[in-house]
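Numbering (UniProt numbering), first residue to last: 1 to 497.
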Ligand SMILES: *Cc1c(COP(=O)(O)O)cnc(C)c1O
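Laid out in structure tokens, this is it:
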């Protein structure tokens with residue numbers, strides 16, 4: 001009510017009745033030295049053939065099994081969450097609470113160390129030392145808006161951001177005065193932006209993407225209500241350009257917006273950019289009737305160092321490129337880089353001029369710390385440093401693939417990739433321990449700079465040992481995964497005869 005000085009009654013009051021919450025939690029056998037236990041998540045099947053009835057067919061070891069599609073929202077979450085407790089009025093207890101919070105954090109840190117040790121499935125480079133940047137933690141650094149336009153908020157890191165963008169512009173061969181870009185919050189934001197620019201350039205364009213494209217590409221199509229045509233893939237995971245051509249010819253009257261994968265999420269396949277462009281030209285699409293966005297989230301910074309890889313370059317008729325900063329680059333917080341042609345952004349921002357300032361980013365506030373981390377790591381490693389790391393990753397990936405095969409396990413490694421695809425382990429606990437990403441019958445390990453031969457050996461030994469308990473019939477039998485990785489990579493009974 002106007003004029004009353006009464007405080008709103010806190011909805012949290014009841015929580016602190018009686019003995020303090022801290023005591024209650026501590027009484028439940030909290031051991032600050034232990035690693036946080038987590039329940040096994042339900043098995044989630046994705047991207048397989050959905051039969052429309054919520055069931056999915058999964059072929060294991062030659063038998064057809066029907067598994068229920070299980071996505072259970074919210075299960076187990078509340079039993080393991082760290083509840084927020086209201087501070088007690090009593091100061092002494094507050095001291096207890098500080099100690100309690102410190103122990104929660106210490107335990108969490110231990111868990112992080114443990115989880116980092118056994119991480120293999122996601123393409124995150126966990127090998128870094130950003131100790132020198134600890135001093136910046138105390139600042140609220142925010143690069144809201146356009147990196148190239150000053151804002152009134154002074155606590156920003158635009159100098160670092162533009163420096164990083166210039167580095168990527170040079171890598172992807174576009175002049176300083178011809179590009180526009182920004183440091184995004186993740187690879188997904190780069191895709192959302194690249195596809196949006198494509199849609200602004202061609203409002204009636206059709207989005208083409210291979211079916212093994214990242215889910216964020218299809219999310220963009222839904223968000224922007226664009227017509228989207230899925231293209232078939234080869235066994236390697238690359239876009240199938242003959243199917244692409246067929247689909248282009250059906251839609252010749254509409255401009256084309258194409259997502260090209262510089263490394264697919266599951267198989268690490270690199271679409272042949274040159275062949276994509278050639279296919280467009282052969283199908284009668286002149287350069288002013290298509291827009292190509294390159295999704296380099298995964299390998300955008302690895303490909304430039306691999307000979308034979310189709311070069312990503314703005315000297316070719318492409319519209320934008322994005323990359324994730326927390327994957328190969330090894331930034332400890334999610335971020336990404338998006339670069340496009342300035343001419344497109346001028347078109348895009350004219351559309352939104354009534355917003356008073358140039359607004360060409362997807363997000364408003366942007367993480368101002370991320371550009372500093374990127375700047376720091378680019379300066380320390382440089383072109384040569386990345387080149388060395390890429391070579392190491394490719395070498396170690398070959399080692400892993402060879403040893404899997406020697407152990408009688410089907411495995412595939414694309415030529416330009418450090419993603420090793422192999423049979424899905426039959427034990428969810430093993431999958432969980434090594435944090436493997438699985439899809440249908442296959443799993444993968446993405447060999448990043450922190451994945452050493454020693455680590456791979458521990459993994460391989462454990463896999464081989466566990467495997468002997470998963471397939472008890474006589475001796476270990478390999479399930480057939482030829483459909484996913486090709487007959488030449490499959491070592492099941494049928495394909496090794
Ligand atoms: C990881 C990934 C993305 C999304 O990146 P985020 O940074 O996780 O949002 C997009 N495309 C590909 C191919 C990826 O591997």
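Don't be surprised by glycine CBs; every beta carbon is placed ideally from N, CA and C.
Item to check | Environment of residue 485 [buried if 16+ CB atoms lie within 10 Å] | outcome: Result: buried.
Item to check | residue 412, enclosing beta strand (DSSP E) - first and last residue | outcome: From DSSP, the beta strand (DSSP E) with residue 412 extends over 411 to 413.
Next on the checklist: Using 8 Å for Cβ pairs, my map puts residue 252 next to residue 204. What's the rounded Cβ distance?
Outcome noted: Residue 252 to residue 204, Cβ: 13 Å. No contact.
Checklist entry - To the nearest angstrom, how far is it from the Cα of residue 126 to the Cα of residue 199? => result Just so you know, the alpha carbons of residue 126 and residue 199 end up roughly 35 Å apart.
Checklist entry - Quick check: the region 144 to 164 against the region 360 to 380, are there 3 or more CB pairs under 8 Å? => result The region 144 to 164 makes contact with the region 360 to 380; the number of CB pairs closer than 8 Å reaches 3 or more.
Checklist entry - What span of residues does the alpha helix (DSSP H) with residue 453 cover, start to end? => result Per DSSP, residue 453 belongs to the alpha helix (DSSP H) from 453 to 470.
Checklist entry - Can you tell me where the beta strand (DSSP E) with residue 230 in it begins and where it stops? => result 228 to 231 is the extent of the beta strand (DSSP E) around residue 230.
Next on the checklist: Could you give the first and the last residue of the continuous alpha helix (DSSP H) run that contains residue 376?
Outcome noted: For residue 376, the enclosing alpha helix (DSSP H) stretches over residues 369 to 406.
Checklist entry - With respect to the alpha helix (DSSP H) encompassing residue 160, which residues constitute its N-terminal and C-terminal limits? => result It spans 158 to 171 - the alpha helix (DSSP H) in which residue 160 sits, taken as one unbroken run.
Item to check | Simplified DSSP state of residue 323, which is helix, strand or coil | outcome: DSSP places residue 323 within a strand segment (E or B) once states are collapsed to three.
Item to check | N-terminal and C-terminal residue of the alpha helix (DSSP H) that residue 432 is part of | outcome: If you look at residue 432, you'll find it in the alpha helix (DSSP H) that goes 428 to 433.
Checklist entry - If we call anything under 8 Å between Cβ atoms a contact, is residue 187 one with residue 283? => result For the pair residue 187 and residue 283, the CB atoms are not nearer than the 8 Å cut-off.
Next on the checklist: Beta-carbon within less than 6 Å of residue 249's beta-carbon, same chain only, minus the 5 sequence neighbours each way: which residues are those?
Outcome noted: The beta carbon of residue 249 sits closer than 6 Å to the beta carbons of 283 from its chain, once the five residues preceding and following it are set aside; these are given in chain order.
Checklist entry - Can you list, in chain order, every residue whose CB sits closer than 5 Å to a heavy atom of ligand 1? => result Those satisfying the condition are, in chain order, 186, 187, 188, 214, 265, 295, 297, 298 and 324.
Checklist entry - Near residue 214, what residues of its chain come up, given a Cβ to Cβ distance below 8 Å and the 5 sequence neighbours on each side ignored? => result Excluding residues within five positions, the ones whose Cβ falls inside 8 Å are 187, 188, 191, 261, 264, 265, 295 and 297.
Next on the checklist: I'd like to confirm the pairing. Which residues does DSSP put opposite residue 338 in its beta bridges?
Outcome noted: Residue pairing for residue 338: DSSP places it in a beta bridge opposite 182 and 322.
Checklist entry - Which whole-angstrom value is the C-beta distance of residue 328 and residue 302, which I expect to be below 8 Å? => result Approximately 6 Å separates the beta-carbon atoms of residue 328 and residue 302; this is inside 8 Å, confirming the contact.
Item to check | Presumed contact (8 Å Cβ cut-off) between residue 235 and residue 206, rounded CB distance | outcome: Rounded to whole angstroms, the Cβ separation of residue 235 and residue 206 is 26 Å, and the two are not in contact under 8 Å.
Item to check | Cutoff 8 Å; reference residue 84; Cβ partners in own chain excluding five residues on either side | outcome: Within the same chain, no Cβ atom closer than 8 Å to the Cβ of residue 84 is found once the five residues on either side in sequence are excluded.
Item to check | Delimiting residues of the alpha helix (DSSP H) encompassing residue 218 | outcome: Secondary structure note for residue 218: its alpha helix (DSSP H) is the uninterrupted segment 215 to 223.
Checklist entry - Roughly how many whole angstroms lie between the Cα atoms of residue 99 and residue 397? => result Their Cα atoms are separated by approximately 44 Å.
Checklist entry - Quick one, which of 268, 276 and 256 has its alpha-carbon nearest residue 240's? => result Of the listed residues, the one whose Cα sits closest to residue 240 is 276.
Next on the checklist: Check whether the region 268 to 275 and the region 366 to 384 are in contact - that is, three or more C-beta pairs closer than 8 Å.
Outcome noted: Judged by Cβ distances under 8 Å, the region 268 to 275 makes no contact with the region 366 to 384, as fewer than three pairs qualify.
Item to check | residue 461 to residue 452 span [Cα, whole Å] | outcome: Distance from the CA of residue 461 to the CA of residue 452, rounded to the nearest whole angstrom, comes to 14 Å.
Checklist entry - From what residue to what residue does the alpha helix (DSSP H) around residue 212 run? => result Here residue 212 belongs to no alpha helix (DSSP H), and DSSP marks it neither H nor E.
Checklist entry - Just how far apart, CA to CA, sit residue 337 and residue 279? => result Our two residues, residue 337 and residue 279, have alpha carbons roughly 28 Å apart in a direct line.
Checklist entry - At what residue ranges does the region 229 to 287 contain a whole run of the alpha helix (DSSP H), taking only runs of 4 or more? => result With a minimum length of 4 residues, the continuous alpha helix (DSSP H) runs that stay inside the region 229 to 287 are 241 to 250 and 273 to 282.
Item to check | Sub-8 Å separation of residue 291 and residue 319 beta-carbons | outcome: Result yes, Cβ atoms of residue 291 and residue 319 sit closer than 8 Å.
Item to check | Residues that residue 295 bridges to, as DSSP identifies them | outcome: Bridge partners of residue 295 according to DSSP: 261 and 322.
Next on the checklist: How far does the beta strand (DSSP E) with residue 437 in it extend, from its first residue to its last?
Outcome noted: Here the beta strand (DSSP E) through residue 437 covers 437 to 439.
Item to check | Backbone CA spacing between residue 222 and residue 216 [nearest angstrom] | outcome: Cα to Cα, residue 222 sits roughly 10 Å from residue 216.
Next on the checklist: Using only the alpha-carbon positions, how far apart do residue 416 and residue 369 sit?
Outcome noted: Rounded to the nearest angstrom, the two C-alpha atoms are 32 Å apart.
Item to check | residue 247 versus residue 231: straight-line alpha-carbon distance, rounded | outcome: For residue 247 and residue 231, the distance between alpha carbons rounds to 8 Å.
Checklist entry - In the structure shown, what three-state DSSP assignment does residue 444 receive? => result Residue 444 falls in the strand class under three-state DSSP.
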